[in-house]
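Participant: Protein chains in written order, with my numbering: chain A, 1 to 304; chain B, 305 to 662. This is the structure I want to talk about, given as structure tokens.
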Amino acid sequence: MAADARRHEAARARWLVSGPPLLYLLVFFAAPTLIMVLASFRSPGEFGGLAPLRDDTGALDLNVDAYVRFFTETVYAQVFVKSLVFALVTTLVCLALAYPLAALIARSPKKSRDILLLLVILPFWSNFLIRIYAWMILLGPNAALARAVNGVLGWFGAGPVPLLFSSFAVLVCLVYVHLPFMVLPLYANLEKHDPALLDAAQDLGASAWQRFWRITFPLSLPGVYAGAALVFIPALGIFAIPDLLGGPDDTLIGNLIKQQFLETRDWPFGSVLSIVLTVSALALVGLAAWLGRGATRGAERVGA
Amino acid sequence: MNRTIRTLLAAAALALAAGAVHAKDQLHLYNWNNYIAPETIQRFEQQCGCEVVQTYYSDNEELLAKLAAGAKGYDILVPTSNAVEALIRGKQLKPLDKSALTNLGNIDARYMNTSFDPGNVYSVPYAMSTTIIGYNDAKMKELGLPTDTWAVIFDPKYLEKVKGRVTVLDSANELFAAALKYLGYSANDVDPKHWDEAAAVIKKAKPYWAAFNASSYIKELTVGNIWLVHGYSNDIFQANLDAIAAKRPFHILQGMPKEGAVLAVDNMVIHVAAPRPDLALKFINFMLEGKNSAELTNLIGSGNPNKAAMPYIKPEILKNPAIFPPPDVAARLEQLKDLTPAQRRLRNKLWTEIKASR
Numbered sequence: 001m002a003a004d005a006r007r008h009e010a011a012r013a014r015w016l017v018s019g020p021p022l023l024y025l026l027v028f029f030a031a032p033t034l035i036m037v038l039a040s041f042r043s044p045g046e047f048g049g050l051a052p053l054r055d056d057t058g059a060l061d062l063n064v065d066a067y068v069r070f071f072t073e074t075v076y077a078q079v080f081v082k083s084l085v086f087a088l089v090t091t092l093v094c095l096a097l098a099y100p101l102a103a104l105i106a107r108s109p110k111k112s113r114d115i116l117l118l119l120v121i122l123p124f125w126s127n128f129l130i131r132i133y134a135w136m137i138l139l140g141p142n143a144a145l146a147r148a149v150n151g152v153l154g155w156f157g158a159g160p161v162p163l164l165f166s167s168f169a170v171l172v173c174l175v176y177v178h179l180p181f182m183v184l185p186l187y188a189n190l191e192k193h194d195p196a197l198l199d200a201a202q203d204l205g206a207s208a209w210q211r212f213w214r215i216t217f218p219l220s221l222p223g224v225y226a227g228a229a230l231v232f233i234p235a236l237g238i239f240a241i242p243d244l245l246g247g248p249d250d251t252l253i254g255n256l257i258k259q260q261f262l263e264t265r266d267w268p269f270g271s272v273l274s275i276v277l278t279v280s281a282l283a284l285v286g287l288a289a290w291l292g293r294g295a296t297r298g299a300e301r302v303g304a
Numbered sequence: 305m306n307r308t309i310r311t312l313l314a315a316a317a318l319a320l321a322a323g324a325v326h327a328k329d330q331l332h333l334y335n336w337n338n339y340i341a342p343e344t345i346q347r348f349e350q351q352c353g354c355e356v357v358q359t360y361y362s363d364n365e366e367l368l369a370k371l372a373a374g375a376k377g378y379d380i381l382v383p384t385s386n387a388v389e390a391l392i393r394g395k396q397l398k399p400l401d402k403s404a405l406t407n408l409g410n411i412d413a414r415y416m417n418t419s420f421d422p423g424n425v426y427s428v429p430y431a432m433s434t435t436i437i438g439y440n441d442a443k444m445k446e447l448g449l450p451t452d453t454w455a456v457i458f459d460p461k462y463l464e465k466v467k468g469r470v471t472v473l474d475s476a477n478e479l480f481a482a483a484l485k486y487l488g489y490s491a492n493d494v495d496p497k498h499w500d501e502a503a504a505v506i507k508k509a510k511p512y513w514a515a516f517n518a519s520s521y522i523k524e525l526t527v528g529n530i531w532l533v534h535g536y537s538n539d540i541f542q543a544n545l546d547a548i549a550a551k552r553p554f555h556i557l558q559g560m561p562k563e564g565a566v567l568a569v570d571n572m573v574i575h576v577a578a579p580r581p582d583l584a585l586k587f588i589n590f591m592l593e594g595k596n597s598a599e600l601t602n603l604i605g606s607g608n609p610n611k612a613a614m615p616y617i618k619p620e621i622l623k624n625p626a627i628f629p630p631p632d633v634a635a636r637l638e639q640l641k642d643l644t645p646a647q648r649r650l651r652n653k654l655w656t657e658i659k660a661s662r
């Protein structure tokens, strides 16, 4: 009897604790997503927004025009693929930069770890846009960086290249903005590794590379996947960076979506683009999770 | 216990009442950034004993999107004519009570009774700008490039000399208008064949441009990174003021293309859900006074439709043909009309193709 009551109480406490965040997700994620799905089947309003659900004759005005448009006018898919490539490159570069950094922090003495972590998140203390504007100055044609790069290029007889307003600038900033999101989960993972495993491997004659590739890396894969998801998804939808730093060719899917809601006043098509973005992000995260599970199992085997 | 609560409640009620007595009347002005002189606002606040609360938007589409999503609480909006057209069709505006607008006669008749709002039922012209060429005078002279034709923005023959030093507005409507004008069509031409021609012109010129930019080109002109832009007359005016303030060895000048350009007239309108239409009317009438209207022109170099403002405007601005175009130039300026949803879809497709092309 008492055990039953205790169980009841535990269940209630669980709901009390998890209820508010669940409700929050329902109201602020599920509901807007549903509205977006509905909007994608309606017609654009003249004034912006959506055309009335029932037309003059009273018939329901629901159609798949916006979807047909996405799948027939290939230029949109083309921009979409380009965004995927940008997000993928950003994720890989972030991984390559963040891994050594996270490992360094995880292996530093406990005292300095907190300071190093603080330094990683320090950029968040100033506004995102201000940091992008700072990059505009750093990459400008009269800044030291552009002069140095073009000086070296001139040596090899190559013409001067613009750094600002280029795909390069967009990628640099994408990496810069998202790097902490890769470092933190990697650090959280690497910090928990048991050094005894590496010692044991060394005793058994494993080289430094083997110790990393056969032990550390497989064990860190959950951190790698978490970091990759945290970087890839926001990088895929970003519009401010290509708007401010991109050249004439650097339109990404985020810019296209923004255009539909502002300049073109075509909310249904904007919704379709957003849905395609959400679905592909979910699919990719699902794939990563699936791979991650396999990897974790592999890691467990290594650990065992 | 009970008494404590009652005392607290009484105190709270008193505080609220006191607050209500002290709270000033408020006029909510939803305006472009930096689009009214601070001293003008101060004077209006003194005159009406109210407080002006300003919020800002950076383009008409932002304003339209916000209102389409149901935003309320604004008294006055200052949209461009084509957005006024959309707002009228969307039944978002309140008809103006002309009896309260005693200064309406100050507006030049040329800017009244327009096709988008016949009889000025909803709107009163506020200020104007043109979309023209802005350039670094030293560089253009050195390179021997013309500054009075859209060819310098679109023709590779000229662009070769300024490759990577040119920006154009990140706005499909503005850039298509310029390209259509360059081709000799109306800025409001809606023939899809002519749009294709315009898109081809843009695609051919694109490799020479540094960026599509509507946000930072003022700064880039001022520091000398960018030498030539397709931009708004007010912004180019601002870039020159900044260049002078920074003692740069060049000026940023305005070039009026001989093919003609886009004229944007911004209008004062009252939102249908305005909390204080009475204050809004007072504000509109106040802004129609010559002196108040002139202060904006003196601040940002905007065009001015108010005849009574002319005596208060700085002579050097009055002489500037890009701000106060002579009649033959004015005749080639066109206000953009709003597009239909189908036309907007087609334009967006062309625009995306332009942006995605290499």
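Even glycine gets a Cβ: it sits at the ideal position worked out from N, Cα and C.
Could you list the residues in the region 59-85 of chain A with a C-beta less than 8 Å from some C-beta on chain B, going in chain order?
Facilitator: Going along the region 59-85 of chain A in chain order, one finds Arg69, Glu73, Val75, Tyr76, Gln78, Val79, Lys82 with a Cβ nearer than 8 Å to chain B.
Participant: At a Cβ threshold of 8 Å, is B:Thr601 touching chain A?
Facilitator: Walking along the second sequence from the start, residue 601 of chain B turns up at place 297. No, no contact with chain A.
Participant: Can you list, in chain order, the residues of the region 241-269 of chain A whose Cβ is nearer than 9 Å to any Cβ on chain B?
Facilitator: Under the 9 Å Cβ criterion, the region 241-269 of chain A contributes Asp243, Leu244, Leu245, Gly246, Gly247, Pro248, Asp249, Asp250, Thr251, Asn255, Leu256, Gln259, Gln260, Phe261, Leu262, Glu263, Thr264, Arg265, Asp266, Trp267, Phe269.
Participant: With a CB to CB cut of under 6 Å and the five nearest residues on each side skipped, what residues in its chain are close to A:Phe41?
Facilitator: Within the first sequence, residue 41 of chain A is the residue found at index 41, counting from 1. Here the set comprises Leu62.
Participant: CB-CB under 7 Å to B:Cys483, same chain, minus the five flanking residues each way: which ones, in chain order?
Facilitator: If you number the second sequence from 1, residue 483 of chain B lands on position 179. The residue you asked about is not Cys; residue 483 of chain B is Ala in the sequence shown. Here the set comprises Phe458, Ala502, Val505, Ile506.
Participant: In terms of residue numbering, what span does the alpha helix (DSSP H) encompassing A:Ser112 cover?
Facilitator: The residue you call residue 112 of chain A lines up with position 112 of the first sequence. Run containing A:Ser112: 110-121, per the alpha helix (DSSP H) assignment.
Participant: Using the beta-carbon of each residue, which ones in chain B are nearer than 8 Å to A:Pro162?
Facilitator: Counting from one through the first sequence, the residue named residue 162 of chain A turns up at place 162. Near A:Pro162 (Cβ distances below 8 Å), the residues of chain B are Gly468, Ala514.
Participant: Nearest by alpha-carbon distance to B:Lys328: which of B:Lys508, B:Glu355, B:Val470, B:Lys445 is it?
Facilitator: Translated into the one-based positions of the second sequence, residue 328 of chain B becomes position 24. Here the closest residue by C-alpha is B:Glu355.
Participant: Just the C-alpha distance for B:Lys508 and A:Phe47, rounded to the nearest angstrom, thanks.
Facilitator: The residue you call residue 508 of chain B lines up with position 204 of the second sequence. The residue you call residue 47 of chain A lines up with position 47 of the first sequence. Spanning the two alpha carbons is a distance of roughly 33 Å.
Participant: Please determine, among B:Lys497, B:Ala431, B:Ile392, B:Asp642, the residue with the shortest C-alpha to C-alpha distance to B:Thr601.
Facilitator: As a working mapping, residue 601 of chain B is identified with position 297 in the second sequence. Of the candidates B:Lys497, B:Ala431, B:Ile392, B:Asp642, the one whose C-alpha sits nearest the C-alpha of B:Thr601 is B:Ala431.
Participant: Strictly below 9 Å CB to CB, what residues from chain B border A:Glu46?
Facilitator: What you label residue 46 of chain A is simply residue 46 of the first sequence in a count that begins at 1. The contacting residues are Ala390, Arg393, Gly394, Asp642, Thr644, Pro645.
Participant: In chain order, what residues of the same chain have a beta carbon less than 6 Å from the beta carbon of B:Gln358, not counting five sequence neighbours either side?
Facilitator: On the second sequence, residue 358 of chain B is found 54 positions in, with the first residue counted as 1. Closer than 6 Å at Cβ, skipping near neighbours: Leu333, Asn335.
Participant: Output, in chain order, the set of chain B residues within a Cβ distance shorter than 7 Å of A:Met136.
Facilitator: Along the first sequence, read from residue 1 onward, the residue named residue 136 of chain A stands at position 136. In chain order: Ser520.
Participant: Within 10 Å of its beta-carbon, does B:Pro575 have 16 or more other beta-carbons around it, so buried, or fewer, so exposed?
Facilitator: The residue you call residue 575 of chain B lines up with position 271 of the second sequence. Position check: residue 575 of chain B holds His in this sequence, whereas Pro was assumed. Its Cβ being crowded by 16 or more others within 10 Å, B:His575 is buried.
Participant: Examine chain B for any beta-carbon lying closer than 8 Å to the beta-carbon of A:Asn127, and answer yes or no.
Facilitator: On the first sequence, residue 127 of chain A is found 127 positions in, with the first residue counted as 1. By this cut-off, A:Asn127 is not an interface position.
Participant: What are the boundary residues of the alpha helix (DSSP H) that A:Met136 is part of?
Facilitator: As a first step, residue 136 of chain A must be located in the first sequence, where it is residue number 136. Unbroken alpha helix (DSSP H) run through A:Met136: 128-139.
Participant: Count the other C-beta atoms from every protein chain shown that fall within 10 angstroms of the C-beta of A:Tyr99, then say buried if there are 16 or more, exposed otherwise.
Facilitator: By 1-based counting over the first sequence, the position of residue 99 of chain A is 99. Per the 10 Å Cβ criterion, buried.
Participant: Helix, strand or coil: how does DSSP classify A:Ala31 here?
Facilitator: Translated into positions along the first sequence, residue 31 of chain A becomes position 31. Correct three-state label for A:Ala31: helix.
Participant: Expressed to the nearest angstrom, what Euclidean distance is found between the alpha-carbon atoms of B:Glu478 and B:Met560?
Facilitator: Reading the second sequence from its first residue, position 174 is the one you call residue 478 of chain B. Reading the second sequence from its first residue, position 256 is the one you call residue 560 of chain B. Between B:Glu478 and B:Met560, the C-alpha separation is close to 15 Å.
Participant: Using a Cβ cut-off of 8 Å (strictly closer), state whether A:Gly151 contacts chain B.
Facilitator: Counting from one through the first sequence, the residue named residue 151 of chain A turns up at place 151. Closer than 8 Å: no.
Participant: Tell me, please, which residues DSSP counts as bridged to B:Leu381.
Facilitator: As a working mapping, residue 381 of chain B is identified with position 77 in the second sequence. DSSP output for B:Leu381 lists B:Tyr334, B:Val573 as bridge partner(s).
Participant: Report yes or no: is there a C-beta of chain B within less than 8 Å of the C-beta of A:Phe239?
Facilitator: Reading the first sequence from its first residue, position 239 is the one you call residue 239 of chain A. Chain B, which has no Cβ nearer than 8 Å to the Cβ of A:Phe239, makes this no.
Participant: What is the DSSP secondary structure of A:Ser305, counted as helix, strand or coil?
Facilitator: The question about residue 305 of chain A has no answer, for chain A in this structure spans 1 to 304.
Participant: Quick one: grab the DSSP three-state call for B:Met560.
Facilitator: Counted from its first residue, the second sequence places residue 560 of chain B at position 256. Residue state, collapsed to three classes: coil.
Participant: Which first and last residues belong to the alpha helix (DSSP H) in which B:Tyr430 is found?
Facilitator: What you label residue 430 of chain B is simply residue 126 of the second sequence in a count that begins at 1. First-last for B:Tyr430: 427-440, but that is the beta strand (DSSP E), not the alpha helix (DSSP H).
Participant: If you draw a straight line from the C-alpha of B:Leu637 to the C-alpha of B:Val566, how long is it?
Facilitator: Within the second sequence, the letter at position 333 stands for residue 637 of chain B. Within the second sequence, the letter at position 262 stands for residue 566 of chain B. When rounded, the distance between both Cα atoms is 6 Å.
Participant: Since B:Tyr486 is in the alpha helix (DSSP H), which residue starts that stretch and which ends it?
Facilitator: As a position in the second sequence, residue 486 of chain B is number 182, starting the count at 1. First-last of the alpha helix (DSSP H) with B:Tyr486: 476-486.
Participant: Which residue wins for smallest C-alpha separation from A:Ser271, given the options A:Val224, A:Pro32, A:Thr251, A:Arg14?
Facilitator: One-based indexing of the first sequence puts residue 271 of chain A at position 271. It is A:Pro32.
Participant: What ranges does the alpha helix (DSSP H) occupy inside the region 155-236 of chain A, keeping only unbroken runs of at least 4 residues that lie completely in it?
Facilitator: With a minimum length of 4 residues, the continuous alpha helix (DSSP H) runs that stay inside the region 155-236 of chain A are 167-190, 195-203, 208-211.
Participant: Please go through the same chain and pick out, in chain order, the residues whose beta-carbon is closer than 8 Å to the beta-carbon of B:Ile548, but skip the five residues on each side of it.
Facilitator: Within the second sequence, the letter at position 244 stands for residue 548 of chain B. So the qualifying residues of the chain are His555.
Participant: Note the first and the last residue of the continuous beta strand (DSSP E) segment covering B:Tyr536.
Facilitator: By one-based count along the second sequence, residue 536 of chain B stands at place 232. 532-536 is the extent of the beta strand (DSSP E) around B:Tyr536.
Participant: What separation, rounded to the nearest whole angstrom, lies between the Cα atoms of B:Gly438 and B:Ser362?
Facilitator: For the purposes of this step, residue 438 of chain B is identified with residue 134 of the second sequence, where counting begins at 1. For the purposes of this step, residue 362 of chain B is identified with residue 58 of the second sequence, where counting begins at 1. Looking at the two C-alpha atoms, the distance is approximately 20 Å.
Participant: Going by DSSP, what residue range makes up the beta strand (DSSP E) through B:Ala361?
Facilitator: Taking the first residue of the second sequence as 1, we reach residue 361 of chain B at position 57. Looking at the sequence provided, one finds Tyr at residue 361 of chain B rather than Ala. Element bounds for B:Tyr361: 354-361.
Participant: Tell me, to the nearest whole angstrom, how far the beta carbon of A:Val183 is from that of A:Thr90; I am working on the premise that it is less than 8 Å.
Facilitator: Position 183 of the first sequence, counted from the start, is the residue given in the question as residue 183 of chain A. Position 90 of the first sequence, counted from the start, is the residue given in the question as residue 90 of chain A. About 14 Å separates the two Cβ atoms, so there is no contact after all.
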